[in-house]
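J.: Below are the structure tokens for one structure; questions will follow.
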Amino acid sequence: MKRGRMLRGRMTRGRRLRVAVPAVLVAALLVALAAVLLTGCTQERAPLPEGVLVVSQEQQASWIRNFNPLTTASAARWPTLSGIYEPLFIFNSITSEFVPWLAVGFEWRENNRVLRITTREGVRWSDGRPFTAGDVAFTFELMREFPALDRRGSWSFLDDVRLVNDNTVEFHFERLYVPGFGEIAAQQIVPEHIWKDVEDPVTFSNEEPVATGPFTEVRLFRNQVFELGRNPYYWQEGKPAVEALRMPALPSNDRANLALVFDEIDWAGNFVPAIDRVFVDRDPDAHAYWFPLTGSTIFLYANTKREPFDDVRVRKAVSLSIDRELLVDVALFRYSRPSDPTALCDAFASWRDPGAVAAGDWVSFDVDRANALLDEAGYAWGEDGFRVDGEGKRLDFEILTVSGWSDWVRAAQVITRGLADVGIEASVRTGDFGSWFQRVQEGNFDMSLGWSYEGPTPYTFYRWLMASDTVEPVGEIAPGNWHRYASPEADRVLEAFEGEADPEGQRELAAELQWAFVTEAPAIPLYPNPSWAEFNIGRFDGFPTAENPYADPSPNKFDRGECLLVLTNLVPRGQAADGSADDGSQAEEQ
Amino acid sequence: MTAKRPGTISGLSAWIDAVRHDKRAAVGAGIIVFFILLALFGPLLVGDPNDLVGVPLQPPSAQHLLGTTGQGQDVFAQLVVGTRTSLLIGFSVGLTVVLVGALIGVTAGYAGGRVDGLLSLLFNVFLVIPGLPLAIVIAAYLPSGPLTLGFVLVIAGWAWNARVLRAQTLALRNRDFVAASVVAGESGWRIVTAEILPNMTSLLVSQVIGGTVYAIGAQVGLEFLGLGDVSAVTWGTNLYWAQNDSALLTGAWWTFAPTGLCVALVGFGLTMLNSGFDEITNPRLRLERAWRAYLTARNQRPGRSTPVVAMGDDNV
Amino acid sequence: MRYILKRLGFYLLAGWVALTLNFFLPRLMPGDPATALFARFRGMLGPEALDALRETFGLTDAPLIMQYFTYLGHVLQGDLGISVAYFPSPVLDVIQGGLVWTVLLAGSALIISFVIGSLLGVAAAWWRFGRIDSLAPPLSALLGAFPYFWLAMVALYIFGFKFGWFPLGHAYSDAVTPGFNAAFIADVARHAVLPVGTVVIATIGGWLLTMRNTMVMVLGMDYVNLARAKGLSPSRVALRYAARNALIPSVTGFGMALGFVLGGSLLTEIVFSYPGQGYLLVQAVRSQDYALMQGIFLIITLAVLGANFIVDLVSLWLDPRIRETTS
Amino acid sequence: MSKSLLDIRDLCVDYITDTGPVRAIDHLDLIVERGEIIGVAGESGSGKTTLAKALMRILPAPAVISGGEIIFDGQDVCRMDDEELRRIRWREISMVFQSAMDALNPVISVGEQIADTLLAHSGGPAETPDELLTHSGGPAENPMMSVGDQFVDTMIAHDIGSNEWARCRAEELMTLVGIPTDRLDSYAHQLSGGMRQRVGIALALAMQPKVVILDEPTTALDVIVERQILERIRELQRSLGFAVIFITHDLARMLQVSDRVAIFYAARLAEVGPAAEMRTNPRHPYTAGLLRAFPSVKPGSVEPVSIKGQPASLRTPPTGCRFHPRCPRAIDICAKEQPGPTVIGPGHIAFCHLAEK
């Protein structure tokens, strides 16, 4: 009987439990649903905090805390290079000038074999310790010891770095290489007193950065958002006016654009389709953009190791077949214009040689001349409306682009149409970035769209288009010069350039390079890429605009620290000390 | 010995029956036939779907029935051509999944013993490993293209069929007529092909349909992630491009709405076909249907207790 | 008890298979992940830098079998390697942040759709030929045929973009402080409505149909007849006798559906930029971050296996017959 | 108002199929008296189980009752709505299903299933405790005596309708059918076939109904268990006084147990009469055939002789007397005319053209 009672109790409890559990579950569900619906309908979007600049540059699903400015293995966090750490000089690609930053001056010595840099005095690290030339020397020594940190390959031309005194450091070059200044100038400097104790700087995640930049204090770090507060010891008096940087994790261009349109972002560097309608018209007082043509130049690269693109006439004919006006219309919503014959983007506007521009008549749209050139090159019309080569083989090629890069894909389609008019059959082949990159680097393609490499001077640009030493055999990885073109003429000029420190001399050599380019047509320029920049001028004042082009407006120009120019110039509306304060407060109230 | 045994589910003829007698099956079949015709002949009627025919992101108009994409292609042309590729991959994957499932499931069910143990373990393991992530990971390593897509879809999807077909084989194996063949000393291969498989025809067809639903859905998903060949025109890549070209931001609903509707319609049609077939072949469901019709005709509604109808003119 | 051990053994085995797949997949596939990995650094880095990185990523030329055991050893210690895209963070650190959101999204969607779908299925079968029964199955078949992510896109477009009723993405707004406070929970709930809602809509039909069909079958069983004959109240017959039994196949299916729903919710995460594993996985694929990719796959698989085990325990509780057959 | 407990008049039951209704019970008239055991016999498909379930109106789809009346205690079951049906089910009329394995919910313990039944009819069984005592107040050797005492205990200890009360009642019922009370927490699959059937009986008796339908309760059991169970039923019936409708295809067994016997053939009643008379004086050739097919198990009995031919199809029933294609004595009229009732003796009726002779 005892056993019976025990069982009895168990059964009763069981009964109640089984009734209770579903009931509670259902109730909880209903409550949750109701709560959710209520909150969903009543809660408005919270306004952004005043003075906090919300930036979207990196597209990430979630943030991982890493503020290592030297690591090469992956891109450093955007603010690591544009707000936390600072370089010696910042190259301003709008004015084509080096702005002294952590350094105040430089001097070439010993026939341009030694570069002496004078560092700024009064700069302090964010922990209050003084910044000295020793930190510069240390940073470069660290890069020598850990090649994985040498992102710009400085030690491929450097021989030694010597500390002269607390504000002077000397760079001894292994060979004559004046363009190396650009690489040294752009190097972000890390504090010796912190980094000397780091066991492995390659994998160091540097969660609490100590740096010289305007925003060094990690106020908040979640996988969805992080914030950087002001550096209490920032060397520029009274700056930055922006209280903090906030970085929301936005996984895609599309998502970032949505956030931008809904005023969740103050500064972005995205491609926005039909920007006037989609973005500006929604709130003309706050939404603004400026797309200066200072991105890299987009080329159609023809593989010069393959027939018929080894023939300059064919390359020029291809170029002449392209309706670049239509191309920028269809591919880029008219955000750009056709490239000029020198292929230089507007960052190098002051370097352009009018003679070369005039001579490069093949960078235009002229089907008749294209046909004439192809006839001359010996490619006769075949029966099916396409040209054939000497062996009777039809001219048909693939144009590679990256899937998802719709501007490129559209551009390639426009090119295909133009080529068909001159008797060349081309098909667009899209692939994912990895496979595309592999193919172009190995030279395993007929034609492909691609970007160019830019440095502070046209030297870098033309070197990666024409220099013999950048040509790798087909099948081996070439970082640039994917079309594998070698110009002895360009080699000569480039070598001279490497030894020329005088700006006037550089200008003359750059003109010679432009002449070499327009004569030999190593690659087919399409259009200069816009430097994407959208901003909320309702919340912040001081973004670069066409009217006030003091720097490149795009957050994408972070690699060489250019964003620092903008960040230190921004002023939250309502706090502005100058005359714009009135408009600012009005905008604030809206 | 190949004649069908009494009491087993009949094969293809039951499907025709289903379509003829069940409203749902008829609707489903109608939808599927429409899309198959569209896939076969549609591409001949529209232009090159990759052609840039106009200004990007135009809303639907007489000239472009469903507007233009973010690249200025005709959405309608893309939809029609995408139908062909998507259905082709869908049906062939659906078929392959069942073939693989049948090979493994029937072998396991028929062979029994250790073979069964091993194969069952294999598909049970595959059943609990999440399919889509597996497909994504495999697809990431392979060059993108329809073959890769088909391959990963089969890898991620065969196990369910194997499991069902193994159970069915086991059931059939214990039937008298199969047991008799075993006693008569017929070869295992013959028993499987002549006795077991023919008696599973309708189940196999139903599985192919189910497999196709799975294949189309998963294919669209993978392609949406950009894991297919994004230069091919399929439903999945259409959606991928729509997303890529900021369909949401620009309000270009016409670039993604029609494609999604088509995917859903095909899936719906196939499901209806399957459930209509189930209704017809499942004797229980069929009788209940007749019963309900009988009651409705006599102004009675099915209730909880055995209904009582007035003695009418229907004396037996 | 023996049943539990047996299932546990099975999941351990399945886990091992997943691990092994994870290890051999990249090595069996054409193309060398190591090469792909370094393709993007080449030209920027000298050979020394490359070698240094190679070591950092733990890529060696040891025999495959040795690598395999090293790999197993590492995984057992929770070391899934180093992410390339988030270098130098360990894969586990990268995954950790997102796991809770994926579990929240997929888990709550699954439970809600299971509960509602099953209840509707019970109702459809109980009021057979009634309004629910004639409308719900085709409707849910139609809704279930829509791709999850497409529904997500449409929902986002209409309710997020056009009407602005719901946020456009993320798991919670930046303005709230994560923690156990009402504001945060309400915010998370608000952000979860659309993603969870679309997954629920897409999956509810499956549960409905499964439950309805089993329920229809169970309603024909003698024990339901007996229950009816006993004069039990209709709700008691429906729930305690019919639904309780009809639930068993659904619960068994729950485990299997888990992997499926998880896959679908990964896509939904991408549309809503929900900070779970989904976008991370796609990003890993796009940036060819194989270590991260494998890590995510492994974690997802383990999560599904774990959930399946829980489901097994639940069905053990639901169905006393299982307890007997194996003991 | 009829004095009989159950008066079935002109009952017709149809199964609806794609090709039209199939009649499973064709114009049946049958009376069940209070406290009697009536056996219903016939081959499979003759409509026995259909009758059992039709009486409670629990025949599932695709069945319909297409005519007739089932007068139970003066009320027509066919005119009752769901709620009225729910009230008479189990309190007045209960049933032991053919296979207890299928009839018991596999996921609820048998104790809970019994308790469920008790709680469904709040207020407990129709009888008050006093009546209960008189019911069980049989001979001194009757095992029910102690059970009756327990009933009282239960009533005193717990409120009627409480979980505890239900539990105690369940234990009593288990004791009643001879199952140890600790099996209450068992599930159906944990019990032996005999025990399951006893649980079924316990369930059927839970509400002290006026009539219990036993639908082939012993088919799946071996002879010894079968005997035990039948004896138990007989005992209980005597002590509790309920009527029993005992359905089986085993005529010999039935004749041992029943007071009266009804023989079904192909949806129709063939012959009905007192058990003793049916054994000695079967007037329908089918009854005679059944008797030969299931001879008594007593020693010295003859070898069983089965009835030749297949049972009649209900879909296309034979014309006239449905048994005529198999009937050894069939004459011309048998194929043409349906035989009417022929009264043989008191309560003995046969439906056969030859019965009068």
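Protein chains in written order, with this note's numbering: chain P, 1 to 590; chain X, 1001 to 1316; chain E, 2001 to 2327; chain Y, 3001 to 3357. Positions of the beta carbon are idealized from the N, C-alpha and C atoms, including for glycine.
Please classify ILE2201(E) as buried or exposed, where buried requires at least 16 neighbouring CB atoms within 10 angstroms.
T.: It counts as buried.
J.: Run through DSSP, which three-state label would MET247(P) get?
T.: Correct three-state label for MET247(P): strand.
J.: Which value, in whole angstroms, describes the spacing of the CA atoms of ARG3167(Y) and GLY3194(Y)?
T.: Approximately 22 Å, taken between the alpha carbons.
J.: Step through the CB atoms of chain Y and report whether any lies within less than 8 Å of the CB of TYR2003(E).
T.: No, TYR2003(E) does not count as interfacial toward chain Y.
J.: Can you pull the DSSP bridge partners for ASN1238(X)?
T.: Beta-bridge pairing links ASN1238(X) to no other residue.
J.: Anything in chain P within Cβ reach of ALA2171(E), meaning under 8 Å, just list it in chain order.
T.: Going along chain P in sequence order, the residues near ALA2171(E) (Cβ under 8 Å) are GLN224.
J.: Quick one: list the residues of chain E neighbouring PHE3097(Y), beta-carbon separation under 7 Å, in chain order.
T.: Going along chain E in sequence order, the residues near PHE3097(Y) (Cβ under 7 Å) are ASP2222 and LEU2226.
J.: So which residues on chain X does PRO3318(Y) lean against when the C-beta distance must stay under 8 Å?
T.: Chain X residues near PRO3318(Y): none, gap ~12 Å exceeds 8 Å.
J.: When we look at the beta-carbon of PRO284(P) and count the other beta-carbons within 10 Å, is it buried (16 or more) or exposed?
T.: Classification for PRO284(P): exposed.
J.: Taking 8 Å as the threshold (C-beta atoms), are PHE386(P) and LEU395(P) in contact?
T.: The answer is yes: Cβ separation under 8 Å.
J.: Considering just the uninterrupted stretch of the beta strand (DSSP E) at LEU1197(X), what are its terminal residues?
T.: Looking at the DSSP string, LEU1197(X) is not in any beta strand (DSSP E), and its letter there is neither H nor E.
J.: Is DSSP giving CYS345(P) helix, strand or coil here?
T.: Three-state DSSP puts CYS345(P) in coil, outside helix and strand.
J.: Who are the near neighbours of PRO130(P) in its chain, counting only those whose CB is closer than 6 Å to its CB and skipping five residues on each side?
T.: For PRO130(P), where only same-chain residues beyond five positions count, the Cβ hits under 6 Å are ARG124.
J.: Flag this pair as yes or no: are the beta carbons of ALA2229(E) and MET3095(Y) separated by less than 8 Å?
T.: Closer than 8 Å, so yes.
J.: Check each residue of the region 1255–1269 of chain X: if its Cβ is closer than 9 Å to any Cβ of chain E, include it; give the result in chain order.
T.: So the close ones are PHE1256, ALA1257, THR1259, GLY1260, LEU1261, VAL1263, ALA1264, LEU1265, VAL1266, GLY1267, PHE1268 and GLY1269.
J.: How about the region 2236–2252 of chain E and the region 2306–2319 of chain E: do they share at least three Cβ pairs that are nearer than 8 Å?
T.: Touching, yes, given that three or more Cβ pairs across the two stretches are closer than 8 Å.
J.: Let's see if you can read the secondary structure: which residues bound the beta strand (DSSP E) around THR297(P)?
T.: Its beta strand (DSSP E) spans residues 297–302.
J.: Nearest CA to the CA of THR216(P): which residue from PRO232(P), LEU526(P), ARG222(P) and PRO201(P)?
T.: For THR216(P), the nearest C-alpha among the options comes from PRO232(P).
J.: How about the region 286–298 of chain P and the region 529–549 of chain P: do they share at least three Cβ pairs that are nearer than 8 Å?
T.: Yes, the region 286–298 of chain P is in contact with the region 529–549 of chain P.
J.: Could you check if GLN187(P) is buried or exposed, using at least 16 other CB atoms within 10 Å of its CB as the buried criterion?
T.: Label assigned to GLN187(P): buried.
J.: Return yes when the Cβ of TYR1110(X) is within less than 8 Å of the Cβ of GLY1157(X), no when it is not.
T.: No, these two residues do not count as a Cβ contact at 8 Å.
J.: Report yes if the CB atom of VAL242(P) is closer than 8 Å to the CB atom of LEU570(P), and no otherwise.
T.: Yes.
J.: Give me the chain P residues within the contact set of PRO2275(E), using Cβ-Cβ distance strictly less than 8 Å, ordered along the chain.
T.: Ordered by position in chain P, the residues that pass the 8 Å Cβ test against PRO2275(E) are ALA61, SER62, ASN223, GLN224 and ALA249.
J.: Mind listing the chain E neighbours of ALA3063(Y)? Cutoff is C-beta to C-beta under 9 Å, in chain order.
T.: Here the premise fails: no neighbours, minimum Cβ distance about 12 Å.
J.: Going by beta carbon distance, what residues of the same chain come within less than 6 Å of ILE2299(E), once the five residues before and after it are set aside?
T.: For ILE2299(E), where only same-chain residues beyond five positions count, the Cβ hits under 6 Å are ILE2095.
J.: Between which two residues does the beta strand (DSSP E) harbouring TRP108(P) extend?
T.: Element bounds for TRP108(P): 103–109.
J.: Is there contact between the region 304–316 of chain P and the region 467–486 of chain P, where contact requires at least three CB pairs shorter than 8 Å?
T.: Segments in contact, yes.
J.: So, at 6 Å on beta carbons, what are the nonlocal neighbours of ILE3349(Y) in its own chain, with the 5 sequence-adjacent residues on each side left out?
T.: Hits under 6 Å: VAL3272, PRO3341 and VAL3343.
J.: Is the region 1136–1150 of chain X touching the region 2306–2317 of chain E, taking contact as three or more C-beta pairs under 8 Å?
T.: Not touching, per the Cβ criterion.
J.: Hey, GLU3036(Y) and ALA3243(Y) are a contact pair by Cβ (cut 8 Å); roughly how many whole angstroms apart?
T.: At roughly 5 Å, the Cβ-Cβ gap stays under 8 Å, so GLU3036(Y) and ALA3243(Y) are in contact.
J.: Could you pull the DSSP bridge partners for MET447(P) from this structure?
T.: Bridge partners of MET447(P): ALA302(P) and ILE399(P).
J.: Quick one: what does DSSP say SER3306(Y) is sitting in, helix, strand or coil?
T.: Coil at SER3306(Y), not helix or strand.
J.: Can you give me the C-alpha to C-alpha distance between ILE3213(Y) and VAL1027(X), rounded to a whole angstrom?
T.: About 47 Å.
J.: Return the Cβ separation of LEU3059(Y) and VAL3077(Y) in integer angstroms, given the expectation that the two are a contact with Cβ distance under 8 Å.
T.: About 12 Å; that fails the 8 Å criterion.
J.: 8 Å is my cut-off, CB to CB: does SER1305(X) come that close to chain A?
T.: Among the protein chains in the structure shown, which are P, X, E and Y, there is no chain A.
J.: Specify the secondary structure class of SER974(X) as computed by DSSP and reduced to three states.
T.: Because residue 974(X) is not part of the residues shown, which for chain X are 1001 to 1316, the question remains open.
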